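Down below is the structure, laid out as structure tokens.
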Amino acid sequence: MDLLAPVRAFDRFQQRHPPLAIPLAVVRKFADDGAGSHSALIAYYGFVAIFPLLLLFTTILGFVLQGNPDAQKAIIDSAVSELPVIGNQVKSQTLSGSGLALAIGIVGTLLSGLGVTVTAQNAFNTVYAIPHKRRPDFFMTRVRGLGVLVALGLLQIVSTAVSGLAGGGLGGHWTLIGGLVLSLAVNGLLFLTVFRLLTNASVGWREIVPGIVSATILWTALQALGGVYVAHVVKGASETYGTFATVIGLIAWLYLGARFVVLSAELNTVLARRLWPRSLLAPPVLDADHRALEALARTEERSDEQHIEVTFRDPEEPSS
Numbered sequence: 001m002d003l004l005a006p007v008r009a010f011d012r013f014q015q016r017h018p019p020l021a022i023p024l025a026v027v028r029k030f031a032d033d034g035a036g037s038h039s040a041l042i043a044y045y046g047f048v049a050i051f052p053l054l055l056l057f058t059t060i061l062g063f064v065l066q067g068n069p070d071a072q073k074a075i076i077d078s079a080v081s082e083l084p085v086i087g088n089q090v091k092s093q094t095l096s097g098s099g100l101a102l103a104i105g106i107v108g109t110l111l112s113g114l115g116v117t118v119t120a121q122n123a124f125n126t127v128y129a130i131p132h133k134r135r136p137d138f139f140m141t142r143v144r145g146l147g148v149l150v151a152l153g154l155l156q157i158v159s160t161a162v163s164g165l166a167g168g169g170l171g172g173h174w175t176l177i178g179g180l181v182l183s184l185a186v187n188g189l190l191f192l193t194v195f196r197l198l199t200n201a202s203v204g205w206r207e208i209v210p211g212i213v214s215a216t217i218l219w220t221a222l223q224a225l226g227g228v229y230v231a232h233v234v235k236g237a238s239e240t241y242g243t244f245a246t247v248i249g250l251i252a253w254l255y256l257g258a259r260f261v262v263l264s265a266e267l268n269t270v271l272a273r274r275l276w277p278r279s280l281l282a283p284p285v286l287d288a289d290h291r292a293l294e295a296l297a298r299t300e301e302r303s304d305e306q307h308i309e310v311t312f313r314d315p316e317e318p319s320s
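For the sequence shown, counting from 1, position 165 maps to 165 in UniProt numbering; every step adds exactly one.
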């Protein structure tokens, strides 16, 4: 009796049906690339970057909007809505401008933010199977990461300000609709920047559209639903574990977001290179399996003199 017969039948079925084959191929490639570890690193550096970023953000607002408490409240409410665990603590603080806080915020944000962009570059180059010998060197990786960090930071600050000020003048359903539309548009621009600039692969605009759409929807849903979920989980544990529960909740939220972004990058690659259907149970190994695994092996080429060749043994041949 073949206990795997139902699985093999499902495998053959999904290979013939793209609506199943494509998402399964994305998940398979996500696992092959070790993308879960990359997501964890992005979440870690993101967690480290949040606090100097908030210090920088609130300090700038303290300078710019000094004497305008209504505008301060509208903008800070919009900004911290994306941070479901520590949002209440930030909203309860009074905004003020300080030269020392500004300097600390800038330095801390640059150092920790570079960790996010450098790690994301490594993740995306792995997703696109870029050999190490073709990746930017130590210096250029950080130059590119700094440029992307500044672009994303400016875009996020501007979008948050517009969102907060616009939301302050609307009410009822218009606030929800306007906030959702603006959030989708801003997130789309953010991921357009991320998918275009954080990889050394030559990618066309059309190739990254599926990932932009996917990441925008998933990230917006995480912003809307993640805060509610994490707040309820942390609320029951906070009386016992306090700060520990808050930290774990925030890291979990960031990790989910990082996984969504990397999964969306995998979707771009699978569609652009037609890395589907994939076999769930080998043998047989399909053409998409061959191409995906061969490209993954060649990412380990680290010098121009090194060339990796990949061969696949016929399952009928006896092993040597």
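We put the beta carbon where it would ideally sit given N, CA and C, even for glycine. This one's a predicted model, so the numbers in the text were calculated from it and none came from an experiment.
- Relative to glycine 257, the option among Arg278, Leu267, Ala221 whose CA is nearest is Ala221.
- Rounded to whole angstroms, the separation of the alpha carbons of valine 26 and leucine 263 is 7 Å.
- The alpha-carbon separation between tryptophan 219 and valine 181 amounts to approximately 13 Å.
- In the DSSP annotation of this structure, the continuous segment of the alpha helix (DSSP H) that includes leucine 20 starts and ends at 18 to 32.
- Around the C-beta of histidine 17, fewer than 16 other C-beta atoms lie within 10 Å, and the residue is accordingly described as exposed.
- In this structure, the alpha-carbon of valine 270 lies about 11 Å from that of isoleucine 208.
- In terms of Cβ geometry, leucine 110 and arginine 142 do not form a close pair [threshold 7 Å].
- With contacts defined as CB atoms closer than 7 Å, glutamine 15 and proline 277 qualify as a contacting pair.
- When Cβ pairs closer than 8 Å are counted between the two stretches, the segment 30 to 40 is seen to touch the segment 117 to 126, the count reaching three or more.
- Within its own chain, the residues whose Cβ lies closer than 6 Å to the Cβ of valine 310, once the five positions on either side in sequence are excluded, are Glu294, Ala297, listed in chain order.
- Going by DSSP, arginine 206 is part of the alpha helix (DSSP H) stretching over 205 to 221.
- Secondary structure at leucine 3: coil, using DSSP grouped into helix, strand and coil.
- A straight line joining the alpha-carbon of tyrosine 45 with that of glutamate 301 spans about 27 Å.
- Distance from the CA atom of proline 131 to the CA atom of aspartate 289, rounded to whole angstroms, is 18 Å.
- For glutamate 294, the uninterrupted alpha helix (DSSP H) segment begins and ends at 287 to 298.
- Judged by their CB atoms, alanine 151 and threonine 117 are not nearer to each other than the 7 Å cut-off.
- When only Cα atoms are considered, aspartate 2 and arginine 8 end up about 10 Å apart.
- With contacts defined as CB atoms closer than 7 Å, isoleucine 42 and alanine 120 qualify as a contacting pair.
- With distances taken between CA atoms, asparagine 268 lies nearest to Pro23 out of Pro23, Pro6, Phe138, Arg12.
- Cβ-Cβ distances below 7 Å link asparagine 200 to Asn125, Ile130, Arg134, Arg135, Pro136 in the same chain, with the five nearest sequence neighbours on each side left out; the list follows chain order.
- Linking valine 186 to lysine 29 through their CA atoms gives a straight-line distance of about 28 Å.
- Non-local beta-carbon contacts of isoleucine 106 in its own chain, meaning distances under 7 Å to residues more than five positions away in sequence, involve Leu56 in chain order.
- Around the beta carbon of phenylalanine 312, fewer than 16 other beta carbons lie within 10 angstroms, which makes this residue exposed.
- The Cβ atoms of phenylalanine 47 and leucine 254 lie closer than 7 Å to each other.
- Here DSSP, grouped into helix, strand and coil, assigns asparagine 268 to helix.
- Closest option to asparagine 122, judged by alpha-carbon separation, among Ala49, Leu184, Leu197, Phe191: Leu197.
- Using a Cβ distance threshold of 7 Å, leucine 281 and aspartate 32 do not count as a contacting pair.
- Look at alanine 201 here: in three-state DSSP terms it is coil, with no helix or strand label.
- Apart from sequence neighbours up to five positions away, the residues of its chain that approach alanine 265 with a beta-carbon distance below 7 Å are Phe124, Val127, Phe195, Gly211, ordered along the chain.
- Counting the other CB atoms within 10 Å of its CB gives serine 214 a total of 16 or more, which places it among the buried residues.
- Taking the Cα of threonine 59 as reference, the smallest distance to any Cα among Asp70, Pro19, Ile104 is reached at Ile104.
- Shown here, threonine 117 sits in a helix according to DSSP, grouped into three states.
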